[in-house]
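Novice: Please find one structure pasted underneath; my questions will follow.
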Amino acid sequence: GAVVSQHPSWVICKSGTSVKIECRSLDFQATTMFWYRQFPKQSLMLMATSNEGSKATYEQGVEKDKFLINHASLTLSTLTVTSAHPEDSSFYICSAAHRPPSTDTQYFGPGTRLTVL
Amino acid sequence: GEDVEQSLFLSVREGDSSVINCTYTDSSSTYLYWYKQEPGAGLQLLTYIFSNMDMKQDQRLTVLLNKKDKHLSLRIADTQTGDSAIYFCAEIPQGGKLIFGQGTELSVKP
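First to last, the sequence lines map onto chains A and B. Take any residue in the first sequence, note its place counting from 1, add 167, and you have its number in the working numbering. Take any residue in the second sequence, note its place counting from 1, add 17, and you have its number in the working numbering.
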């Protein structure tokens with residue numbers, strides 16, 4: 168149980184285009200989902216917290232107009248990187264909060280590797 | 018403030034035990050977690066421990082928690098090459114955001 172998927176697993180795009188990444192909780196409903204960014208050999212950096220039916224809460228320094236988050240249902244959150252540039256190239260990972268052992272426990276997706284040329 | 022620290026590297030031989038250590042600063046977390054990340058993959062929840070417990074064992078994994086010293090450790094018995102990965106300890110202080118350590122890269126040599 169508590170399986171989270173992401174799509175696509177990798178994407179290459181041209182500079183200036185937009186890219187949408189989907190995060191799905193496959194066997195549970197997740198009121199809260201999280202989006203992280205990870206640079207090589209580093210820990211995860213929280214970008215935003217996504218709550219179903221409401222606006223996402225962005226961390227300090229994360230541009231909400233550049234990283235659009237939509238959490239339209241209890242099993243799907245999307246991250247759209249708008250007008251992507253090479254510096255946006257990174258590994259993006261989502262997670263969904265679910266029991267057990269507590270409602271805060273986060274289960275992670277497999278990640279999406281974004282490369283902007 | 019909130020801070021979780023781990024050593025960056027650990028190298029062991031196949032069949033030995035591995036011990037990965039972690040220290041944290043916020044004592045309000047109800048649970049503490051260990052996640053495993055293999056190359057190019059997401060994070061897998063490996064195990065967790067309730068803050069009122071001192072030890073938890075799950076097959077080859079043993080988690081020890083010293084609340085007084087705010088020290089958490091993960092012991093992997095009979096370490097295998099498939100255990101090679103980066104291991105993150107994490108806590109969720111009051112406020113709900115997961116705080117990660119830097120990750121410990123475990124290298125298992127045959």
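Think of the CB as a built atom: it goes at the ideal place given N, C-alpha and C, for glycine as much as any other residue.
Using C-beta distances below 7 Å, list every residue in its chain close to Phe-117 of chain B, excluding the 5 sequence neighbours before and after it, in chain order.
Specialist: The residues are Val-21, Phe-105 and Ala-107.
Novice: Do the CB positions of Val-29 of chain B and Thr-98 of chain B come within less than 8 Å of each other?
Specialist: No, the Cβ-Cβ distance between Val-29 of chain B and Thr-98 of chain B is not below 8 Å.
Novice: Please check if any C-beta of chain A sits within less than 8 Å of the C-beta of Gln-119 of chain B.
Specialist: Yes, because at least one Cβ of chain A sits closer than 8 Å to the Cβ of Gln-119 of chain B.
Novice: Below 6 Å CB to CB, which residues in the same chain sit around Asn-237 of chain A once its five sequence neighbours on both sides are set aside?
Specialist: Taken in chain order, the residues that qualify are Thr-245.
Novice: Could you check whether the Cβ of Gly-59 of chain B sits closer than 8 Å to any Cβ belonging to chain A?
Specialist: Yes, because at least one Cβ of chain A sits closer than 8 Å to the Cβ of Gly-59 of chain B.
Novice: Determine, for Lys-113 of chain B, whether the minimum Cβ-Cβ distance to residues of chain A falls below 8 Å.
Specialist: One detail in the question is off: residue 113 of chain B reads as Gly in this sequence, not Lys. Yes, its Cβ sits closer than 8 Å to a Cβ of chain A.
Novice: Residues in its own chain within less than 6 Å of Leu-89 of chain B by CB, not counting five upstream and five downstream?
Specialist: Result list for Leu-89 of chain B: Cys-39, Leu-49, Leu-82 and Cys-106, in chain order.
Novice: Are the C-beta atoms of Gly-276 of chain A and some chain B residue less than 8 Å apart?
Specialist: Cβ-Cβ to chain B under 8 Å: yes for Gly-276 of chain A.
Novice: Applying the criterion that 16 or more other CB atoms from any shown protein chain within 10 Å of the CB defines a buried residue, is Thr-272 of chain A buried or exposed?
Specialist: Buried, by the Cβ-count rule.
Novice: Would you kindly work out how many angstroms separate the C-alpha atoms of Asp-232 of chain A and Ile-37 of chain B, rounded to a whole number?
Specialist: So the two alpha carbons sit approximately 40 Å from each other.
Novice: Cα separation between Ser-182 of chain A and Asp-255 of chain A?
Specialist: Distance between the alpha carbons of Ser-182 of chain A and Asp-255 of chain A is about 10 Å.
Novice: Comparing C-alpha positions only, which one of B:Ala-58, B:Leu-60 and B:Thr-64 sits nearest to Ile-93 of chain B?
Specialist: Ile-93 of chain B has its Cα closest to that of B:Thr-64, out of B:Ala-58, B:Leu-60 and B:Thr-64.
Novice: Given Pro-277 of chain A, which residues of its chain have a CB within under 6 Å of its CB, disregarding the five upstream and five downstream residues?
Specialist: Gln-173, listed in sequence order.
Novice: Compute every distance between the C-beta of Leu-235 of chain A and the non-hydrogen atoms of the ligand SAM, then say whether any falls below 7 Å.
Specialist: The ligand content of the structure shown is nil, which means the ligand SAM is not present either.
Novice: Along chain B, which residues have their Cβ under 7 Å away from the Cβ of Asp-271 of chain A?
Specialist: Within chain B, the residues near Asp-271 of chain A are Ile-109 and Gly-113.
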